[in-house]
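**Q** For reference, the structure I am asking about is given below.
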Amino acid sequence: MKGGKLIIFSAPSGSGKTTIVRYLLEQPELNLAFSVSATSRPRRGKEKQGVHYYFMSVSEFKKNIKEGNFLEWEEVYRDNFYGTLMSEVERLWSEGKNVIFDIDVAGGLRIKRKYPEQALAVFVKPPSVDELKIRLKKRSTESDDKINMRIAKASVEMATAPQFDKIIKNYKLDVALKEAHRLVAEFVGVEQDSSKPEDE
Ligand code: 5GP
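Taking our numbering, the leading residue of the sequence shown gets 595, the next gets one more, and so forth.
Right, dumping it as structure tokens:
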């Protein structure tokens with residue numbers, strides 16, 4: 595498999611990585627396309643099939659695992675499978691795009707290990723686990739049980755941050771967005787819009 599670059603954004607749920615990924619997708623010079631994951635979790639709110647996820651049943655997901663169709667997959671929460679289909683990455687590469695991923699920590703590190711040179715793995719760090727709890731409750735798309743499950747997982751995920759190429763602290767969103775843009779632009783080889791005066 596060859597092609598463009600792979601930009602991985604991983605973080606505990608609620609850390610703001612999705613906002614950062616959406617912002618980066620709006621920057622045409624980065625030439626990014628979003629890797630739509632497959633999942634067996636139920637659809638939430640306004641989510642659309644094939645846009646936010648490829649929603650499928652647990653048995654359909656397991657069939658894809660058996661057939662070796664995934665670049666990586668994880669049972670992120672019990673019976674909630676998430677995975678990146680090889681066909682999705684190949685499709686985006688064939689369009690000449692760099693592929694950006696919004697995936698969990700284990701999946702992100704797995705892709706990085708498979709493509710050490712081609713991939714940039716970025717960890718988005720929330721201010722604290724307590725702040726995560728507040729953000730997830732505000733989002734209020736899920737039951738308390740589900741939120742607590744995500745929070746329990748967050749502490750374990752925070753410990754993996756040092757294994758990533760880069761860590762972005764999402765304490766202030768505008769600062770985090772700028773930093774994310776700078777890192778990705780550098781990695782994909784785009785000239786930076788520098789406000790620094792020239793040396794000469
Ligand atoms: P959510 O249910 O909030 O959409 O996502 C739950 C978690 O699963 C998030 O951390 C999200 O980034 C992660 N995730 C989404 N797609 C994938 C994927 O393809 N592979 C893996 N390993 N995790 C994913």
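We treat Cβ as the ideally placed atom computed from N, Cα and C, and that holds for glycine.
1. Quick one: what does DSSP say Val693 is sitting in, helix, strand or coil?
2. What's the gap between the Cα of Ile741 and the Cα of Glu773?
3. Between the Cα of Glu689 and the Cα atoms of Val652, Glu668, Ala627 and Glu780, which residue gives the shortest distance?
4. Compare the C-alpha of Pro636 against each of Tyr765, Arg729 and Tyr648 and name the closest.
5. Taking Tyr676 and Thr633 to be in contact with their CB atoms under 8 angstroms, please state how far apart those CB atoms are, rounded to whole angstroms.
6. Using the Cα positions of Val615 and Met743, report the straight-line distance between them to the nearest angstrom.
7. Report the three-state DSSP secondary structure of Ala753 (helix, strand or coil).
8. In the DSSP assignment, find the unbroken beta strand (DSSP E) run with Gly677 in it and report its ends.
9. For Asp673, is the classification buried or exposed, using 16 other Cβ atoms within 10 angstroms of its Cβ as the cut-off for buried?
10. If you draw a straight line from the C-alpha of Glu620 to the C-alpha of Ala700, how long is it?
11. Express the C-alpha separation of Trp667 and Val718 in angstroms, rounding to a whole number.
12. Near Ile761, which residues of its chain fall below 6 angstroms by C-beta distance, leaving aside the five closest residues on each side in sequence?
13. Given Val670, which residues of its chain have a CB within under 6 angstroms of its CB, disregarding the five upstream and five downstream residues?
14. Arg635: beta carbon under 7 angstroms from a heavy atom of ligand 1?
15. Measuring only from the beta carbon, is Glu666 closer than 7 angstroms to any heavy atom that is part of ligand 1?
16. At what residues does the beta strand (DSSP E) containing Lys763 begin and finish?
17. Here's the rule: buried if 16 or more other CB atoms are within 10 angstroms of the residue's CB, otherwise exposed. What is Gly598?
**A** Let me lay it out:
1. strand
2. 28 angstroms
3. When each option's Cα is compared against that of Glu689, the closest is Ala627.
4. Tyr648
5. 5 angstroms
6. 24 angstroms
7. coil
8. Asn674 to Leu679
9. With fewer than 16 Cβ atoms within 10 Å of its Cβ, Asp673 is classed as exposed.
10. Cα-Cα distance, rounded: 26 angstroms.
11. 20 angstroms
12. Phe717, Lys719 and Ala755
13. For Val670, where only same-chain residues beyond five positions count, the Cβ hits under 6 angstroms are Tyr676 and Asp698.
14. yes
15. yes
16. Lys760 to Lys763
17. buried
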